[in-house]
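Residue numbers (the numbering used here): 15 to 152.
The beta-carbon is built from N, C-alpha and C at its ideal position, and this holds for glycine as well.
Below: the structure, in structure tokens.
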């Protein structure tokens, strides 16, 4: 009887230890390290630069060229780039915050809303899709 209790206790302890190791492994699987974040921010900066140029070409040559609407959306794209730069600089200085990330996403939403209402050339659409891919990882 004593032997049965000891065996049962041992099995329970091993089972709990196994579950603990599995939980820790799962938590580590969802963590990203600083190098992965740095890579993502570099890629986001590069792709948003490419997007900013293709977007400016598309809007300047479109029906909104020279209008207040063009100025407003170009300012939104500039604000988006500034938010990315701020996030990246704060990350490099170990001062990044959830608010920095939220600011980037909020400014991206303004641009995304513009895309949902306007037709732009394929290049601008493709470049924005690339930026959105990076934003989804952010």
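Simplified DSSP assignment, three categories, for residue 136: Your numbering for residue 136 matches position 122 in the chain shown. Three-state result, residue 136: helix.
In whole angstroms, what separates the C-alpha of residue 145 from that of residue 119? For this step, residue 145 is matched to residue 131 along the chain shown. For this step, residue 119 is matched to residue 105 along the chain shown. When rounded, the distance between both Cα atoms is 11 Å.
To the nearest angstrom, how far is the alpha carbon of residue 108 from that of residue 99? If you number the chain shown from 1, residue 108 lands on position 94. If you number the chain shown from 1, residue 99 lands on position 85. Going by the C-alpha atoms only, they are around 14 Å apart.
Quick check on this structure: which residue in 82, 73, 105, 87 has the alpha carbon closest to the alpha carbon of residue 49? As a first step, residue 49 is located in the chain shown; it is residue number 35 there, counting from the start. Residue 105 is the option with its Cα nearest to residue 49.
CA-to-CA distance, residue 63 to residue 133, given in whole angstroms: Locating residue 133 in the chain shown gives position 119, counting from the first residue. Locating residue 63 in the chain shown gives position 49, counting from the first residue. Straight-line Cα distance between these residues: approximately 20 Å.
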